[in-house]
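Only one structure is covered here, and it is reproduced in the block below.
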Amino acid sequence: MISVILCHPKPGSFNHALALRVVETLDSLGLGVNFHDLYAERFAPVLPDMEIPRDGLMPDFVARHCDELAKASGIVVVHPNWWGQPPAVLKGWIDRVLRPGVAYEFVEGDGGEGVPVGLLKARSALVLNTSNTPRLREMEAFGDPLELIWRNCIIGLCGVQDFHRRMFEVVVTSTPEQRAAWLDEVSALTTRVFSPLA
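If you read the sequence shown in the UniProt record's numbering, its first letter stands for residue 1, the second for the next number, and so on.
This is how it looks when you write it as structure tokens:
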């Protein structure tokens with residue numbers, strides 16, 4: 001199964017179109033999909049203190065996300081670039097779902113101060129982002145914080161070695177033809193990344 005996580009508040013957004021194309025492509029490859037639209041599901045992003053310990057109490061909806069992610073052979077995340085970060089709802093999903101015992105653990109004798117060992121079984125991960133800032137200005141002014149966040153701080157740290165990411169910009173001024181070409185590119189990219197798992 002491939003876990004596909006979408007985080008955008010507006011139904012019908014280009015992020016939704018990207019996620020739908022990913023799901024359609026995975027279906028065409030014969031790969032099962034666990035799809036979650038975090039806004040549509042009203043995923044509660046705030047991490048309560050009782051969930052922080054490895055054996056902390058979790059509500060059923062968080063436990064379901066954890067179980068699906070732990071078993072996933074691949075991961076896809078789709079979200080806009082907001083201030084060089086994921087939307088708050090997605091950050092809350094990361095906080096609550098990529099938890100000790102699911103996504104990572106510390107080696108015996110490590111009290112939590114060391115580098116964790118990744119636990120995710122997923123072989124590949126794909127992150128798709130949208131932006132309304134031209135690439136050259138983004139790189140000159142800010143660099144690419146989302147690349148560092150996803151590649152180094154989340155996906156790689158949790159044990160997934162095959163990482164891919166694509167930023168689509170500038171979405172707000174893009175034409176229908178450009179968006180159609182981007183969706184075709186996503187089909188090809190999804191096929192290239194996940195067809196070995198079929």
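Ideal placement from N, C-alpha and C gives every residue a C-beta, glycine not left out.
None of the values given here were measured: they were computed from a predicted structure.
Problem - Same chain only: Cβ atoms within 6 Å of T190, ignoring 5 sequence neighbours per side - result: Only residues of its own chain outside the window of five on either side were considered, and among them V22 and T25 have a CB closer than 6 Å to the CB of T190, listed in chain order.
Problem - Alpha carbon of M58 to alpha carbon of V127, nearest angstrom - result: So the two alpha carbons sit approximately 26 Å from each other.
Problem - Straight-line Cα distance separating A72 from A122 - result: C-alpha separation (whole angstroms): 5 Å.
Practice task
Give a yes or no on whether the C-beta atoms belonging to L6 and N81 are separated by under 8 Å.
Solution key: For L6 and N81, no; Cβs fall outside 8 Å.
Problem - Local Cβ density within 10 Å of P87, reported as buried at 16 or more and exposed below that - result: Under this definition P87 is a buried residue.
Practice task
Using alpha carbons as the reference points, say which of G143, D49 and A63 lies closest to residue 217.
Solution key: A question about residue 217 goes unanswered here, because the residues of the chain that appear run from 1 up to 198.
Exercise for the section: Give the straight-line distance between the Cα atoms of V76 and A70, rounded to the nearest whole angstrom. Expected result: Approximately 14 Å, taken between the alpha carbons.
Exercise for the section: Report the residue from A44, F163 and S187 whose alpha carbon sits nearest the alpha carbon of L148. Expected result: Comparing Cα positions, the closest option is F163.
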